[in-house]
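Notes follow once the structure below has been shown.
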Amino acid sequence: MSATKLGPQDMLEYIAQYGVLIYRKCQYAIQKSAVESHLLRHKIYREERQKLMSSISQLKIFEPHEVPLPASDSSPIDGLPVLDGFRCSVDGCGSLFVSSKRMNHHQKERHAGIHPCSAREVKLQTFFRVFEVTEAIHTGMSGIEMQASILGEIEMLEEQEPVQQPLPKPFLTDYETETLTYFYWFNTQTSLTIPCTERPRSASHYWKREVVPLAFSKRWLMCGLLGLSAYHLAVTNNQAMLEGDHTENSSQFFSVFSTGFNEAKICALGTEGSEVEKKACIAGEQIDYVISCIHWNQSPSQLESIMIILRRFYIRHCTLSQDDSHSNEAGIQNEAFERASMIIQKSPPSNSGPLSVLLTRLSALPSRMTEAFGRPENVRDIGDVLTTISDIAILIECCEIGFVSDDMRVALEGMTMWLAKISDRFYQMVSIHDPAALTVLAHWAASLVERAEKCGCWFLEGLARTIILQIVEQLPADKPAIIGLIESLMK
Numbered sequence: 001m002s003a004t005k006l007g008p009q010d011m012l013e014y015i016a017q018y019g020v021l022i023y024r025k026c027q028y029a030i031q032k033s034a035v036e037s038h039l040l041r042h043k044i045y046r047e048e049r050q051k052l053m054s055s056i057s058q059l060k061i062f063e064p065h066e067v068p069l070p071a072s073d074s075s076p077i078d079g080l081p082v083l084d085g086f087r088c089s090v091d092g093c094g095s096l097f098v099s100s101k102r103m104n105h106h107q108k109e110r111h112a113g114i115h116p117c118s119a120r121e122v123k124l125q126t127f128f129r130v131f132e133v134t135e136a137i138h139t140g141m142s143g144i145e146m147q148a149s150i151l152g153e154i155e156m157l158e159e160q161e162p163v164q165q166p167l168p169k170p171f172l173t174d175y176e177t178e179t180l181t182y183f184y185w186f187n188t189q190t191s192l193t194i195p196c197t198e199r200p201r202s203a204s205h206y207w208k209r210e211v212v213p214l215a216f217s218k219r220w221l222m223c224g225l226l227g228l229s230a231y232h233l234a235v236t237n238n239q240a241m242l243e244g245d246h247t248e249n250s251s252q253f254f255s256v257f258s259t260g261f262n263e264a265k266i267c268a269l270g271t272e273g274s275e276v277e278k279k280a281c282i283a284g285e286q287i288d289y290v291i292s293c294i295h296w297n298q299s300p301s302q303l304e305s306i307m308i309i310l311r312r313f314y315i316r317h318c319t320l321s322q323d324d325s326h327s328n329e330a331g332i333q334n335e336a337f338e339r340a341s342m343i344i345q346k347s348p349p350s351n352s353g354p355l356s357v358l359l360t361r362l363s364a365l366p367s368r369m370t371e372a373f374g375r376p377e378n379v380r381d382i383g384d385v386l387t388t389i390s391d392i393a394i395l396i397e398c399c400e401i402g403f404v405s406d407d408m409r410v411a412l413e414g415m416t417m418w419l420a421k422i423s424d425r426f427y428q429m430v431s432i433h434d435p436a437a438l439t440v441l442a443h444w445a446a447s448l449v450e451r452a453e454k455c456g457c458w459f460l461e462g463l464a465r466t467i468i469l470q471i472v473e474q475l476p477a478d479k480p481a482i483i484g485l486i487e488s489l490m491k
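In terms of the UniProt record's numbering, the numbers along the sequence shown are unbroken and rise by one, the last being 491.
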């Protein structure tokens with residue numbers, strides 16, 4: 001089977017026979033439209049990324065529904081994990097599943113009256129849909145091998161960084177292969193891509209070396225990690241057949257996490273709350289932050305609620321407290337205007353990069369808004385105008401920070417910093433659907449939220465568009481000049 005390797009350390013492999021591109025480190029096929037964001041997520045930066053994308057554009061890569069599946073007697077494909085799974089033995093069916101639970105559900109739903117055991121064990125791999133292969137070669141981990149690997153890593157963690165109190169024996173033996181897969185994915189992928197308010201600059205170390213050992217003694221905490229991993233797989237793998245399963249599993253894990261986390265918080269507040277309990281709750285708060293982002297994006301509610309959710313990240317880990325940020329709004333407005341002017345002046349006018357284009361758009365926004373809204377009629381309106389202009393200036397400052405590098409943490413800091421620095425009055429204006437505030441909020445979403453999405457914040461995927469669409473619904477439909485202020489943001 002001919003295969004072409006691409007990128008540093010042969011990170012990508014193209015299999016012409018099936019028209020698929022495999023990301024070898026992650027061990028899965030990746031959709032062509034998702035390649036660039038995936039490279040960025042793994043810190044392949046601009047110059048190298050552009051070279052790779054140029055090479056990839058020459059390849060014939062099929063869409064997921066077009067990829068031909070190997071015959072069931074094919075040998076395993078190198079670079080993809082081999083999974084233990086099941087084939088339905090009912091005549092004419094042959095459906096494949098990676099867990100006995102899914103197989104049992106399938107047979108109850110599709111083959112009523114058939115004994116659930118009417119299935120045989122097989123070896124599976126997946127591009128975007130699962131397919132059967134012959135006996136595995138050493139291309140990936142089986143469930144038993146994965147379990148041994150995980151247990152070995154936990155033993156190593158406990159030797160290197162013993163916790164203050166002994167933890168109960170891990171209950172991994174109770175998990176089925178599907179759950180172990182989520183745990184493995186969290187350890188190798190998800191832990192690298194979620195924020196950490198405790199140690200923003202060493203998030204991976206925090207999640208793998210501090211939180212994972214705690215999770216082996218706290219089922220609710222483990223369910224939180226597994227839920228994040230399942231949702232991460234649903235968002236990033238682009239496997240249509242499995243996406244629903246991953247999303248459903250993440251919801252079940254999140255439900256168990258939420259119940260246990262609420263109980264743990266009460267316990268940690270009491271005198272009986274141990275140091276381990278308190279550390280677990282701190283980790284739980286950060287998981288809850290990510291889950292809240294996911295849930296709001298799935299079922300949007302008030303705009304100010306997602307603003308408050310996202311602000312939690314910045315307020316927790318930075319030295320700027322909420323009280324300090326709003327203690328002298330007049331002084332902050334003057335400082336914001338000065339910094340915004342300096343940023344715009346030092347941006348070369350000939351530069352057509354994304355930051356330069358963005359700064360040009362934001363610097364023109366106050367005058368465009370004056371044309372659309374007219375001049376203020378009373379003192380209260382004048383105050384709101386000053387608030388709006390000040391928060392545009394702060395947005396310019398935060399954009400410069402958010403575009404310093406393609407690092408996810410930098411983009412996330414720029415996005416959330418704006419929410420921490422804007423005035424309380426701006427939040428009030430958003431809550432009453434003030435068109436001027438909504439216009440500025442839309443520009444924040446189109447610039448910094450979208451930036452965070454592109455830099456690897458998978459738990460925010462689609463959030464910028466969701467926010468902008470909700471803003472459009474709240475703007476007066478009979479005022480085309482106002483709608484025109486954000487029309488270009490939706491393209």
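Beta carbons are placed, not taken as given, at the ideal position from N, Cα and C, and that holds for glycine.
Note that the structure is predicted; figures quoted are calculated from it, not measured.
Sequence-distant residues of the same chain with beta carbon closer than 6 Å to residue i, five excluded per side
i, result
"residue 514", "No statement about residue 514 is possible, as the shown extent of the chain runs from 1 to 491 and does not include it."
"Val-211", "Ala-283"
Cα-Cα separation, residue i to residue j
i, j, result
"Ile-483", "Ile-467", "15 Å"
"Ser-74", "Cys-93", "20 Å"
"Ser-72", "Thr-179", "25 Å"
"Thr-126", "Ala-437", "47 Å"
"Gln-470", "Ser-292", "18 Å"
"Val-256", "Leu-226", "11 Å"
"Arg-209", "Cys-399", "33 Å"
"Lys-278", "Glu-285", "11 Å"
"Gln-302", "Ala-445", "15 Å"
"Ser-57", "Ser-99", "36 Å"
"Leu-233", "His-246", "7 Å"
"Met-103", "Pro-70", "22 Å"
"Asp-478", "Glu-377", "21 Å"
"Ile-15", "Gln-27", "14 Å"
"Glu-304", "Val-133", "51 Å"
"Gly-374", "Ile-306", "29 Å"
"Tyr-289", "Phe-459", "10 Å"
"Gln-428", "Arg-87", "57 Å"
"Pro-476", "Ile-401", "33 Å"
"Ala-3", "Asp-78", "10 Å"
"Phe-97", "Arg-368", "56 Å"
Buried or exposed (CB count within 10 angstroms, at least 16 for buried), residue i
i, result
"Ile-137", "Residue confidence is low: Ile-137 scores 44 on pLDDT, short of 50, so the model does not pin down where it sits. No coordinate-derived value is stated."
"Leu-45", "Note that residue 45 corresponds to Tyr in the displayed sequence, not to Leu. Exposed: under 16 other Cβ atoms inside 10 Å."
"Gly-383", "exposed"
"Arg-110", "exposed"
"Asn-249", "buried"
"Leu-269", "exposed"
"Val-357", "exposed"
"Ala-106", "It should be noted that the sequence gives His, not Ala, for residue 106. The residue in question, His-106, is buried, as its Cβ has 16 or more Cβ neighbours within 10 Å."
"Glu-13", "buried"
Presumed contact (8 Å Cβ cut-off) between residue i and residue j, rounded CB distance
i, j, result
"Cys-196", "Tyr-206", "5 Å"
"Met-408", "Cys-457", "6 Å"
"Tyr-18", "Pro-76", "Actually they are not in contact, since the Cβ atoms of Tyr-18 and Pro-76 sit about 13 Å apart, beyond 8 Å."
"Arg-120", "Ser-89", "6 Å"
"Leu-214", "Ser-204", "Not quite, the Cβ-Cβ distance comes to about 16 Å (not below 8 Å), so this is no contact."
"Ala-230", "Phe-216", "Their Cβ separation, rounded to whole angstroms, is 18 Å, which puts Ala-230 and Phe-216 out of contact at 8 Å."
"residue 493", "Leu-362", "In the structure as shown, the chain begins at 1 and stops at 491. Residue 493 is therefore absent and cannot be evaluated."
"Leu-359", "Ile-396", "6 Å"
"Asp-406", "Cys-455", "5 Å"
Cβ pair residue i, residue j closer than 8 Å
i, j, result
"Phe-313", "Leu-221", "no"
"Val-130", "Gly-85", "yes"
"Leu-441", "Val-430", "yes"
"Phe-128", "Ala-283", "no"
"Ile-22", "Leu-83", "no"
"Ile-389", "Thr-439", "no"
"Ile-309", "Trp-296", "yes"
"Thr-190", "Leu-228", "yes"
"Gly-7", "Leu-52", "yes"
"Ser-61", "Lys-32", "Residue identity differs from the one stated: residue 61 is Ile in this sequence, not Ser. Result yes, Cβ atoms of Ile-61 and Lys-32 sit closer than 8 Å."
"Glu-461", "Glu-450", "no"
"Ala-364", "Ala-481", "no"
Contacts around residue i, its chain only, beta-carbon distance under 8 Å, and the 5 residues preceding and following it disregarded
i, result
"Arg-49", "Glu-36, Leu-39 and Leu-40"
"Lys-218", "Gly-260, Ala-264 and Ala-280"
"Ser-118", "Cys-88, Ser-89, Val-90, Gln-107 and His-111"
"Ser-202", "Cys-196"
Own chain, CB closer than 7 Å to residue i, minus 5 neighbours either side, in chain order
i, result
"Ile-422", "Asp-391 and Ile-394"
"Arg-311", "Thr-416, Leu-419 and Ala-420"
"Phe-426", "Thr-387, Asp-391 and Ala-437"
"Met-490", "Ile-468"
"Ala-464", "Ala-445, Ala-446, Val-449, Glu-450 and Glu-453"
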